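These notes concern the structure reproduced below.
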Amino acid sequence: MWLKPEEVLLKNAFKLWVTEKDNEYFVLQRRRGYGEGGGGLTGLLVGTLDTVLDSTSKVAPFRILHHTPDSQVSWSIACGVTKEEIVQHWDWLQKNIMRTLSVFDSSEDITSFVQGKIRGLIAEEGKTSLVLEDDPEKFREALLRFEKWFELPPEEKLVTYYSCSYWKGKVPCQGWLYLSTNFMCFYSYFLGAEVKLVISWDEVWRLEKTSNVILTESIHVLAHREDHYFSMLLHLNETFVIMEQLADYSIKRLFDKESFEREPALSDPLQITKRGLEAHARSEQFRTFFRLPKEENLLEVHESFLWVPFCHFNTLGKICLSENYLCFASQDGSQCHVIIPMREVVNVEKPDSSSRALTVCVRGKRALRFSEVRDYQRLANTIRSRCGISASPQHSASSEGIRGECQSLINHFDDNPEDVTLMVGQKDSSKAVSTEALMTVFHPQDVENLDPKMLKEKMKEQSWNIHFSEYGRGTSMFFTKKTRDLIVRGVPEALRGELWMLFSGAVNDMATHPGYYTELVEQSLGTSTLATDEIERDLHRSLPEHPAFQSDTGISALRRVLTAYAYRNPKIGYCQAMNILTSVLLLYAKEEEAFWLLVAVCERMLPDYFNRRIIGALVDQAVFEDLIRENLPQLVEHMTDLSFFSSVSLSWFLTLFISVLPIESAVNVVDCFFYDGIKAILQLGLAVLDYNMEALISCSDDAEAVTILNKFFDNVTNKDSPLPPTVQQASVSNNDKASHISVDISELIREAYEKYGNIRSEEVESSRKRNKLYVIQTLEDTTKQNVIRVVSQEVRFNVSQLDELYNLFKRQHFLSCYGTMKSPALLHHDPSLAYLEQYQLGFQQFSVLFSLLEPWAFCTTKSTLSLWISRLIDENQDGLVNFKEFCCALDTLYSGSFTNKLKFLFKLHLPPAFDLPEDGVIRKSPERGRGKVDLQAYLKQWQNEILKKEETIKDLPRINQTQFIQFSKTLYNIFHGDPEEETLYRAVAHVTSLLLRMEEVGRRLQEPSSPSESKKPASSSSSSSTAAAAAESSTEEASTTPESSDTASSHNSQDAGADLSETDWSFSFEQVLASLLNEPSIVTFFERPVDVHTKLGQARVAQLKLKASK
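Residues 17 to 1126 in the working numbering are what the sequence shown spells out, letter by letter.
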């Protein structure tokens, strides 16, 4: 069958494959161990690996590779189980492809053509094979096996499954890999040996494709600090993409608390499908490539040719259609691409049915002609319906007139491509607060100035105007290699804001949200939050040397933009470095444009950069380290620890080099960033290290290396900058300049593109996904260590026990989130809180986990004791228990003294634990992160915690009659199931009777002796006797059946309460303690040591099963 073209490692292939046929462009190979000869020892090894247990996991024994004479890279394009099948593919290539390839001049064009043709064949086959792949009966059988083997929660959604081999040590175990929403599972059973593996996606540290001599390709998973390898997958790349998507989905949902409200396919964890994940991945890639808003989804893809007027050539590529955009990208993605907003489309014509062509006419007298579109009629109708051409009043002219106008456009377009121009086409319907870029206000260009720098600036503008006349201008401009070349040379000051808006996609955001920024400014100004306080603090630190930010005009504009964005996106709010970036944006863009540029940077181009943990920047630092290893081996040999480069490059990524380069040089870097994204920053970082290679290698310590890099950045200049010295940043002194050669920023950028321009954006995105798992898990591990360090000072658990408890606590938190987006833990999660508050449990989750770890038989499923405990230890009364509160409670119950354990049980029957409603509803959960933070209240709370003295038994309030009866019942429940159960019950009954009699004696001593009140002692005596009877009755019922104790005790306590309502009596903690100390069986029970290690081990095994059984 035909395969999606993928690169093949030839060095590995020659050891495992034998060439059967070859020509100039294709090779037919047979895998060793198959067919004639067998291949000796190597063939025996390969054949054994390929035929272990299940035939569906075999690597296909025949394949066809595509290659070109001047390239070291080959592409797999077909595979076959039999020789007859692969020979059919080979013959088809000989007859249909070989002759066509002779007309191409370059190897790149040949490879692009072959790849496009193969993908077209796959698309045709897919229409007929889709039904066979999605076999509901087989999937139902796999689902039953999945549920039987792994005993996961019943709502767990199986996404897909594959046959593969799992390497346990050096031996492969053939079995089945099951991928569900929250887990990756493997099962194998062979000759009595069962292998079962369950790994939750939130525990994965690394997920990557690897290869070695024995395993041509395998998937490596690092989890629980153990390496797991899966190989012999028939569709390895498909499997890896699905695994990558599920891991990423889990990270975003559980760690980033993303709700996917705008993506129905992912909004419900219980409805995730393989098709939905694949569609999400395609849409994500589509949005990233074309810089489109997050709301856009890839709906249709059509292969076609686009007439490129500036080349007089039809280029092969793909039409990508979303809700509001029509995009085209040439096949290699680098020759050209164009983005057409539907709002700009005037009409769609089908001039030539024989060539299956259609023409899209856009505003500004421009037309784009697509040909060889397979389903061109349906595509034309789809575009028309999405543009609303027939219903729009602006298209009320007759269809004949429109058709004639479009036809004349097409003819003129073909004959005079150089005359075609494209209007900008943006309606300025939104009123910005400031309508001019700060640079035009504080540094207007002098038209009559003819110094060399200004002349060069005018030449740059002329070059861009020529480019616009050929490639168009505005939203529908062609993006080509020539566009990148002009960017590398430098963007003229007058065009910088316009091009930034265009390249970033912010122009589309602003066009589709007229008036949005003005409304945000009106709503946000005057608000007082933690974000606004930080913004005010940093306003005067933003480019303080620039005249624009030495005046109220610039400062006010900066304040409005930052405050409006913090109001728009409270999840990010405000983060340091945003002020520096926004300052530069305001210099070259209008205020509203600067806001939308900031939106594009924070939400699309640099995801997860500007938050509390700057995860995005840390991920890109890890990507940078990988690129250093690949491209600068000499530096790696000298500096084996690359963490230095991570620390020194953090500001490079966060501020796009603005904080380390002079402003006149930094804007050139920003130009490249808006066109090429993070790839431009990575390339420049490599070029900087390469330029300073010798000096860095000779460094003796990190401080010297930092000094070298700082001096280098100080000497980076922009010889073409037309800015006056008052605007340019102050550079180093003349003496330093003499000792360091200045470097022109344009030359540095050009060198970065020449040396490292082969870095592909797809590789960067793949590396980002791979490193994001490791970065997040590293941060999680650091958080865990910090929490354990703090909690260990207040409990008697050792570090390993706290580590195990933290894992159980975190797992319980995630278990509550696995099947829903609306668990209390998720809804009330605030990542801005301290690490102790990162993971919290609601009542239901706490009750489940506590039932696994409780030292005694609390019978929590039949009583409200767990609810009382959660209320008691919930210090801020928000209905959520954090890890510290949980550990302190367990520590008391596990290792506390008899007095402390009894005091804990005593307080369970006092407010706030006992008197609140028993529904577990969160009563107090303030919305965090948005409102004004009362710092004085926090300081007062902190002071109270410091000054808080140790609670003594005398500080405890007295327990009343209802609470005391419930306290007795709690003791009965605790003793249930103990070998000394009967003895303990009688001891409690004895203590209860003793306490009541003591109360009776005390009342008699305090009673006055007047005749009129002589009846009251008898009444008191009667009340005490009734209470004792209630306790005795409760004891007898509890000793028979634990199920009835709850009910019986409740009825007795109610009756007793009714009888005793006339008189109030209570006990102090000292009285209860003294009475219980006289019962050795009770003291022995509470002082019995708990085997913490065994408890934790049992809880770890039972945690998932308990969830599954519910």
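Just so it is clear, CB atoms sit at the ideal spot from N, CA and C, and this is done for glycine as well. Just so you know, these numbers come straight off a predicted model, no measurement behind them.
Can you find the residues in the same chain that come closer than 8 Å, C-beta to C-beta, to VAL1108, ignoring five residues on each side of it along the sequence? Position 1092 of the sequence shown, counted from the first residue, corresponds to residue 1108. Same-chain partners within the cutoff: PHE813, GLN817 and TYR910.
Does the separation of the CB atoms of LEU270 and ASP218 fall below 8 Å? For the purposes of this step, residue 270 is identified with residue 254 of the sequence shown, where counting begins at 1. For the purposes of this step, residue 218 is identified with residue 202 of the sequence shown, where counting begins at 1. Closer than 8 Å, so yes.
For the beta strand (DSSP E) holding PHE1128, just list the boundary residues, first then last. Residue 1128 is absent from the structure shown; the chain starts at 17 and stops at 1126.
Sort LEU613, PHE689, GLU561 and ASN228 by Cα distance to ASP525 and report the nearest one. To locate residue 525, count along the sequence shown from 1; it is residue 509. Of the candidates LEU613, PHE689, GLU561 and ASN228, the one whose C-alpha sits nearest the C-alpha of ASP525 is LEU613.
Please name the residue in TYR245, GLU242, GLN301 and VAL214 whose C-alpha comes closest to that of GLN261. What you label residue 261 is simply residue 245 of the sequence shown in a count that begins at 1. For the residues TYR245, GLU242, GLN301 and VAL214, the minimum Cα distance to GLN261 belongs to GLN301.
Rounded straight-line distance, which links the Cα of PHE920 to that of PHE930: Translated into the one-based positions of the sequence shown, residue 930 becomes position 914. Translated into the one-based positions of the sequence shown, residue 920 becomes position 904. Straight-line Cα distance between these residues: approximately 13 Å.
Cut-off 8 Å between Cβ atoms - residues of its own chain near ARG372, not counting five sequence neighbours on either side: Here the question's residue 372 lines up with position 356 in the sequence shown. Cβ neighbours of ARG372 beyond the five flanking positions: SER387, GLU388, VAL389, ARG390 and TYR392.
Return the CA-CA distance between ARG766 and LYS498, expressed in angstroms with no decimal places. Position 750 of the sequence shown holds residue 766. Position 482 of the sequence shown holds residue 498. Roughly 14 Å separates the two Cα atoms.
Give the DSSP-derived three-state secondary structure of ASP760 in the structure shown. Start at 1 with the first residue of the sequence shown, and residue 760 comes out as number 744. Strand at ASP760.
Starting from PRO678, trace the beta strand (DSSP E) both ways and give me its first and last residue. Residue mapping note: residue 678 aligns to position 662 of the sequence shown, counting from 1. Per DSSP, PRO678 belongs to no beta strand (DSSP E) and is neither H nor E.
Beta-carbon proximity check, ILE288 vs LYS173, cutoff 8 Å: Counted from its first residue, the sequence shown places residue 288 at position 272. Counted from its first residue, the sequence shown places residue 173 at position 157. Contact: yes.
Which residue or residues does DSSP assign as beta-bridge partners of TYR194? For this step, residue 194 is matched to residue 178 along the sequence shown. Paired residues: TYR177 and CYS201.
Starting from GLY570 and walking both ways along the alpha helix (DSSP H), at which residues does that stretch end? For the purposes of this step, residue 570 is taken as the residue at position 554 of the sequence shown. Unbroken alpha helix (DSSP H) run through GLY570: 568 to 584.
Per DSSP, ALA209 is paired with what? Along the sequence shown, one-based indexing puts residue 209 at 193. Paired residues: PHE206.
When the Cα atoms are used, what is the spatial distance from LEU896 to ASP890? Position 880 of the sequence shown, counted from the start, is the residue given in the question as residue 896. Position 874 of the sequence shown, counted from the start, is the residue given in the question as residue 890. Taking the straight line joining both Cα atoms gives about 7 Å.
Indicate the three-state DSSP secondary structure (helix, strand or coil) for LEU250 in the structure shown. In the sequence shown, the residue the question calls residue 250 occupies position 234. If DSSP states are grouped into helix, strand and coil, LEU250 belongs with coil.
Cα-Cα separation between LEU193 and GLY835, rounded to whole angstroms: To locate residue 193, count along the sequence shown from 1; it is residue 177. To locate residue 835, count along the sequence shown from 1; it is residue 819. Taking the straight line joining both Cα atoms gives about 21 Å.
Straight-line CA distance for THR1008 to LEU1093? As a working note, residue 1008 is residue 992 in the sequence shown. As a working note, residue 1093 is residue 1077 in the sequence shown. Roughly 13 Å between the two C-alpha positions.
Go ahead and label LEU536 buried or exposed: buried means 16 or more other beta carbons lie within 10 angstroms of its beta carbon, across all protein chains shown. Residue mapping note: residue 536 aligns to position 520 of the sequence shown, counting from 1. Looking at its Cβ environment, which holds 16 or more other Cβ atoms inside 10 Å, LEU536 is buried.
With 16 other Cβ atoms within 10 Å as the buried cut-off, status of VAL617: Taking the sequence shown and counting its residues from 1, the one referred to as residue 617 is at position 601. VAL617 should be labelled buried.
For THR375, the residue or residues it bridges with in DSSP: For the purposes of this step, residue 375 is identified with residue 359 of the sequence shown, where counting begins at 1. For THR375, which the question treats as bridged, DSSP gives the partners GLU365 and ARG385.
Does the Cβ of SER299 have 16 or more other Cβ atoms within 10 Å, making it buried, or fewer, making it exposed? Locating residue 299 in the sequence shown gives position 283, counting from the first residue. The residue in question, SER299, is buried, as its Cβ has 16 or more Cβ neighbours within 10 Å.
Contact belief for GLU365 with VAL378 at Cβ below 8 Å, rounded distance in angstroms: As a position in the sequence shown, residue 365 is number 349, starting the count at 1. As a position in the sequence shown, residue 378 is number 362, starting the count at 1. No, GLU365 and VAL378 are not in contact; Cβ-Cβ is about 12 Å, not under 8 Å.
Whole-angstrom distance between LEU601 and SER572, CA atom to CA atom: Within the sequence shown, numbered from 1, the residue matching residue 572 stands at position 556. Within the sequence shown, numbered from 1, the residue matching residue 601 stands at position 585. Roughly 14 Å separates the two Cα atoms.
Throw me the rounded Cβ distance for the LEU384 and MET358 pair, which I believe falls under 8 Å. Stepping through the sequence shown from its first residue, residue 384 is reached at position 368. Stepping through the sequence shown from its first residue, residue 358 is reached at position 342. LEU384 to MET358, Cβ: 13 Å. No contact.
State the Cα-Cα distance for the pair ARG575 and ASN892, rounded to the nearest angstrom. Counted from its first residue, the sequence shown places residue 575 at position 559. Counted from its first residue, the sequence shown places residue 892 at position 876. Each residue's alpha carbon lies about 35 Å from the other.
List the endpoints of the continuous alpha helix (DSSP H) containing CYS903. For the purposes of this step, residue 903 is taken as the residue at position 887 of the sequence shown. Per DSSP, CYS903 belongs to the alpha helix (DSSP H) from 899 to 911.
Could you give the distance in angstroms between the alpha-carbon of SER665 and the alpha-carbon of ASN684? For the purposes of this step, residue 665 is taken as residue 649 along the sequence shown, with counting starting at 1. For the purposes of this step, residue 684 is taken as residue 668 along the sequence shown, with counting starting at 1. One C-alpha to the other measures close to 18 Å.
Which of the three DSSP states, helix, strand or coil, is assigned to PRO933? Counting from one through the sequence shown, the residue named residue 933 turns up at place 917. With a pLDDT of only 46 at PRO933, under 50, the local geometry of the prediction cannot be trusted, and no value is derived from it.
When you compare each of VAL43, TRP18, THR197 and ASP107 to CYS1178 by their alpha carbons, which one comes out closest? Absent from the structure is residue 1178, since the part of the chain shown begins at 17 and ends at 1126.
Anticipated Cβ contact below 8 Å, VAL457 with THR569, distance rounded: For this step, residue 457 is matched to residue 441 along the sequence shown. For this step, residue 569 is matched to residue 553 along the sequence shown. That pair is a contact at about 7 Å.
Reduced DSSP secondary structure (H/G/I, E/B, other) of ALA564: Taking the sequence shown and counting its residues from 1, one reaches residue 564 at position 548. ALA564: helix per DSSP, three-state reduction.
Roughly how many angstroms separate the alpha carbons of GLN793 and VAL864, rounded to a whole number? Sequence index remark: in the sequence shown, residue 793 carries index 777 (1-based). Sequence index remark: in the sequence shown, residue 864 carries index 848 (1-based). If you take the alpha carbons of GLN793 and VAL864, they lie about 26 Å apart.
Mapping the DSSP letters down to three states, classify GLY993 as helix, strand or coil. Here residue 993 refers to the residue found at position 977 when the sequence shown is read from its first residue. The answer is coil: DSSP assigns GLY993 none of H, G, I, E or B.
Specify the secondary structure class of ARG46 as computed by DSSP and reduced to three states. Working through the sequence shown from its first residue, we reach residue 46 at position 30. Three-state DSSP puts ARG46 in a strand.
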